[in-house]
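Before any comments, here is the structure.
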Amino acid sequence: MDERQLVKSCLKGKPAAQKELYDRFAEQMLGVCYRYTKSLADAEDVLQDGFVKVYRFLHTYQFEGPLGAWIRRIMVTTALNFLKKHSRYRTDLSFDNNDALHPVVENDAEVRMTARELAELIRQLPTGYQTIFNLHAVEGFTHVEIGSMLGISDGTSRSQYARARSLLISWVEKKSQIKNDHYAG
Amino acid sequence: MRDNEFDKGVQEKMGEFRLPPSAPVWMEVERRIRERKRRRILIFWFCLAGLLMAGFGGWWFWESNDRPALSITKEGSNSSVIRSTEKNTKDPREEIALPAKDDKEQKINVADPSSSPSVGKDLSKINRGETTTGINAPLLVKSSSLKQLNKKTADKELTSKAQLTAGSGKTTRQQTSPKNKVDKLVPDNDSQVATQKSTTEFPVASTSENKSTTEPPVPATATLAVAVPVDISTAKPADTVQAVGNDKQQTTPSLRKSKKSKWQTGIVFAYGESRLIRGGLSLFSEKSFDALQSGVSSGNGNFNNQSFADSVPLKGSGIHTGLFVKRQLGKKTSFSAGLNWSYYSGKQRVGTRVDSIRQLSSPFNTDTRNGFYRSGNASRFTNRYYYLQLPLLLHWQVNKGSNWPAIEWENGFVPSFLIASRALVYDPASRIFFRDKKVYNSFSLVYQTGLTATLASRTKHPLTAGVYYNYHISRLQKTNPPDFNHQSSYGIQFRWLLKK
Chain G
639 MDERQLVKSC
649 LKGKPAAQKE
659 LYDRFAEQML
669 GVCYRYTKSL
679 ADAEDVLQDG
689 FVKVYRFLHT
699 YQFEGPLGAW
709 IRRIMVTTAL
719 NFLKKHSRYR
729 TDLSFDNNDA
739 LHPVVENDAE
749 VRMTARELAE
759 LIRQLPTGYQ
769 TIFNLHAVEG
779 FTHVEIGSML
789 GISDGTSRSQ
799 YARARSLLIS
809 WVEKKSQIKN
819 DHYAG
Chain B
44 MRDNEFDKGV
54 QEKMGEFRLP
64 PSAPVWMEVE
74 RRIRERKRRR
84 ILIFWFCLAG
94 LLMAGFGGWW
104 FWESNDRPAL
114 SITKEGSNSS
124 VIRSTEKNTK
134 DPREEIALPA
144 KDDKEQKINV
154 ADPSSSPSVG
164 KDLSKINRGE
174 TTTGINAPLL
184 VKSSSLKQLN
194 KKTADKELTS
204 KAQLTAGSGK
214 TTRQQTSPKN
224 KVDKLVPDND
234 SQVATQKSTT
244 EFPVASTSEN
254 KSTTEPPVPA
264 TATLAVAVPV
274 DISTAKPADT
284 VQAVGNDKQQ
294 TTPSLRKSKK
304 SKWQTGIVFA
314 YGESRLIRGG
324 LSLFSEKSFD
334 ALQSGVSSGN
344 GNFNNQSFAD
354 SVPLKGSGIH
364 TGLFVKRQLG
374 KKTSFSAGLN
384 WSYYSGKQRV
394 GTRVDSIRQL
404 SSPFNTDTRN
414 GFYRSGNASR
424 FTNRYYYLQL
434 PLLLHWQVNK
444 GSNWPAIEWE
454 NGFVPSFLIA
464 SRALVYDPAS
474 RIFFRDKKVY
484 NSFSLVYQTG
494 LTATLASRTK
504 HPLTAGVYYN
514 YHISRLQKTN
524 PPDFNHQSSY
534 GIQFRWLLKK
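Chains G and B supply the protein sequences, listed in that same order.
Counting with this note's numbering, you get residues 639 to 823 for the letters of the first sequence.
Counting with this note's numbering, you get residues 44 to 543 for the letters of the second sequence.
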């Protein structure tokens, strides 16, 4: 069943089609949710809320882009709302207003690790860094867009991203070093 | 360049990152989709019911206001002219009915004059144009001319009063009492004209001249009120023509433009406290959970079992709102029926929520539950129940006199349908709370009583305020274990009459 057919069947309320839509995108979307949260349970909560929204607003999908991208956008929005709503994330989601760009340390880091390992490292970042890094580096939003989404200035977004990135690079290098030492030893 | 490579590498890695979700995620998503769908259906039906009620109320209001029951009544006598306004009358000719002394309306079939000997003769006469007025008596009374007609009739009656002579003044039936054939009004020529004129609208009155020569003169004080029922549509044989004598009472035509509806319509709103109680109307017999926890005996010795005490519900709120129609049955009694949306709630002390799947079985259902609450005192869960109710109540006015607000005592039964719920069921064996809609009775019968006072009864839309109490005779849960298994609610209620 192609995407158009699948969407139409879902709109008709057919349970089989709804299940198929879920099966087709759930794993990918849980990966998205996982990067924004600190625990798998929270990621599943976001996924749950996100899919309920998907079915609720499926009639607004105009087939203008891939269905996966549309669902992914919903998941990201849901994740951001989740972070704002829950106090354990809210306290960690404070962005300082230092507009000065944080200098990025020159490095030659390469991502030589599995997706899961990288995702785990991203989740180790403070929530503010983590969110902006995900939005810019992974989802591809501009800093202006991120600023409007999070209610911060684009300068803040840039500085937060730079810090997150340098921190992540240092962790990646450290991890790669440990791996190399392990294999060398 | 390096930076870009890092970003690209991250994007690629994250693009292929996938995690399989656990099974309960889909279960919960599915449940929420279905619940939403069910809610939409409920809202649809509730709106439809509301629209139907509003439509019915509107129709009733319009119908009662637009019913032009027109009558000429003679005070102290039974004489009247009533215009029937049946909408389905096929023939535009209308019926004019004259109640006899025994209050039975008598009819003449104009279409079949021969059906009544005396009347038929006169009608034939009229149709031949032999009446003094020379009117061919179409015998049609248009509704628009009835007002004018009644005025005319009144004038003619007054004229006749002065000019006509009548018999004994008794009202008799010509057809049924041959000896009363002579009981007629015999005017002289002038009065005959007057009478004939009046009978242009009520043509059969001309029959009164037939036996004029044999009749004794009517006393000048006698009044004439002649009305002929003309029922073409039913094509019944004419019954009789009736001359109504006077009982020394003034003939006063009066016009009733509309017949007042016996039904009142309005809206009701009630707010109060609700709680689950034991059977047998034991409203205040249950003990609070706090008391149980501290080991205070309830007095009936039923609270020793801790697993039972875990499930003791606390009070919540109750809301009832809807529409009603009310009809006066007697001087002090009335009946009302309505359609209400009702909400009952009650709080429940529960322990921590456990987000895991567990196989639970009840007498009605064995299912996998995704999430349940342990017993304890960590938090409170509000059990919510939504009903569609059809209250059927009898109202009795306990006080008398119109100077004081009417105080009414109401009693009745309310068939109730559980349309939705969001509540926990307690399993004493495992001491956990979980949700299971299948254990609830979808129908329950409720006894309701209340005391109300009508405020501002002279206004167009009187407000009634008072207190109410209702008790669900039927059990909430089909299962017996929970002792507190009967919903009850008490509080204040307001009724606002939209149409008096």
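Heads up, the beta-carbon is just placed ideally off N, CA and C, and yes, glycines get one too.
For residue i, collect the residues of the same chain with a Cβ closer than 7 Å to its Cβ; drop the 5 residues on either side in sequence, then sort them by chain order.
i: PHE689/G; result: TYR660
i: PHE695/G; result: none
What would DSSP say about residue i, mapped onto helix, strand or coil?
i: THR497/B; result: strand
i: ARG474/B; result: coil
i: GLU453/B; result: strand
i: LEU705/G; result: helix
i: ARG321/B; result: coil
i: TRP447/B; result: coil
i: HIS781/G; result: helix
i: LEU433/B; result: coil
i: ASN47/B; result: helix
i: PRO67/B; result: helix
i: SER422/B; result: strand
i: MET680/G; result: Here residue 680/G turns out to be Asp, not Met, going by the sequence shown. Note: ASP680/G maps to helix in three-state DSSP.
i: ARG791/G; result: Per the sequence shown, residue 791/G should be read as Ser rather than Arg. Coil, per DSSP.
i: ALA463/B; result: strand
i: LEU62/B; result: coil
i: LEU540/B; result: strand
i: ARG427/B; result: strand
i: LYS652/G; result: coil
i: HIS774/G; result: helix
i: LEU763/G; result: coil
i: LEU519/B; result: coil
i: PHE695/G; result: coil
Name, in chain order, the residues that DSSP records as bridge partners for residue i.
i: ASN719/G; result: None, per the DSSP bridge assignment.
i: TYR314/B; result: ILE362/B and ILE535/B
i: HIS438/B; result: SER377/B and GLU453/B
i: PHE689/G; result: PHE689/G pairs with nothing; no bridge assigned.
i: PRO458/B; result: LEU488/B
i: ALA25/B; result: Shown here, chain B extends from 44 to 543; a query on residue 25/B therefore has no answer.
i: THR308/B; result: VAL368/B and LYS542/B
i: ASN513/B; result: GLN491/B and SER532/B
Can you pull the chain G residues whose beta carbon is under 7 Å from the beta carbon of residue i, in chain order?
i: VAL53/B; result: VAL749, LEU756, ALA775 and VAL776
i: ASP50/B; result: ALA775
Give the interface partners of residue i over in chain B, defined as CB-CB distance under 7 Å, in chain order.
i: GLN666/G; result: ARG61
i: GLY669/G; result: PHE60, ARG61 and LEU62
i: TYR660/G; result: TRP69 and VAL72
Using the beta-carbon of each residue, which ones in chain B are nearer than 8 Å to residue i?
i: ARG673/G; result: MET57 and PHE60
i: TYR799/G; result: Chain B residues near TYR799/G: none, gap ~10 Å exceeds 8 Å.
i: GLN656/G; result: GLU73 and ILE76
Mind listing the chain G neighbours of residue i? Cutoff is C-beta to C-beta under 8 Å, in chain order.
i: PHE486/B; result: Here the premise fails: no neighbours, minimum Cβ distance about 28 Å.
i: PHE456/B; result: In chain order: nothing, as chain G lies at least about 38 Å away.
Name the chain D residues whose beta carbon is nearer than 7 Å to that of residue i?
i: ALA753/G; result: Absence of chain D from the displayed structure is noted, the protein chains being G and B.
Ordered along the chain, which non-local residues of its own chain (more than five positions away) have a Cβ less than 8 Å from that of residue i?
i: ALA449/B; result: GLN440, ASN442, ALA496, THR497 and SER500
i: ILE717/G; result: Sequence inspection shows Ala at residue 717/G; the Ile mentioned does not correspond to that position. For ALA717/G, where only same-chain residues beyond five positions count, the Cβ hits under 8 Å are VAL670, CYS671, TYR674, THR675, VAL684 and GLY688.
i: GLU316/B; result: LYS358, GLY359, SER360, GLY361, SER532, TYR533 and GLY534
i: ASN544/B; result: Absent from the structure is residue 544/B, since the part of chain B shown begins at 44 and ends at 543.
i: LEU433/B; result: ALA380, GLY381, LEU382, ASN383, VAL457, PRO458 and SER459
i: ARG82/B; result: ALA463
With a CB to CB cut of under 6 Å and the five nearest residues on each side skipped, what residues in its chain are close to residue i?
i: GLN494/B; result: Per the sequence shown, residue 494/B should be read as Leu rather than Gln. Only TRP452, GLY509 and VAL510 meet the Cβ criterion.
i: SER647/G; result: ALA655
i: PHE720/G; result: VAL684
i: ALA421/B; result: GLY394 and THR395
i: ARG711/G; result: none
i: LYS374/B; result: none
Sorry if obvious, but does the Cβ on residue i come closer than 7 Å to a heavy atom of the ligand ATP?
i: THR780/G; result: By its list of ligands, the structure shown contains no ligand whatsoever, and the ligand ATP lies outside what it can speak to.
So if I threshold CB-CB distances at 7 Å, which residues from the region 60 to 78 of chain B count as touching chain G? Against chain G - using a Cβ distance shorter than 7 Å - the residues of the region 60 to 78 of chain B are PHE60, ARG61, LEU62, PRO63, PRO64, SER65, VAL68, TRP69, GLU71, VAL72, ARG75 and ILE76.
Contact set between the region 788 to 817 of chain G and chain B, restricted to residues whose Cβ is under 9 Å from the partner: Listed in sequence order: ARG803, LEU806, ILE807 and VAL810.
Chain-ordered residues of the region 679 to 709 of chain G with a beta carbon less than 8 Å from chain B: Under the 8 Å Cβ criterion, the region 679 to 709 of chain G contributes ALA679, ALA681, GLU682, LEU685, GLN686, PHE689, VAL690, TYR693 and ARG694.
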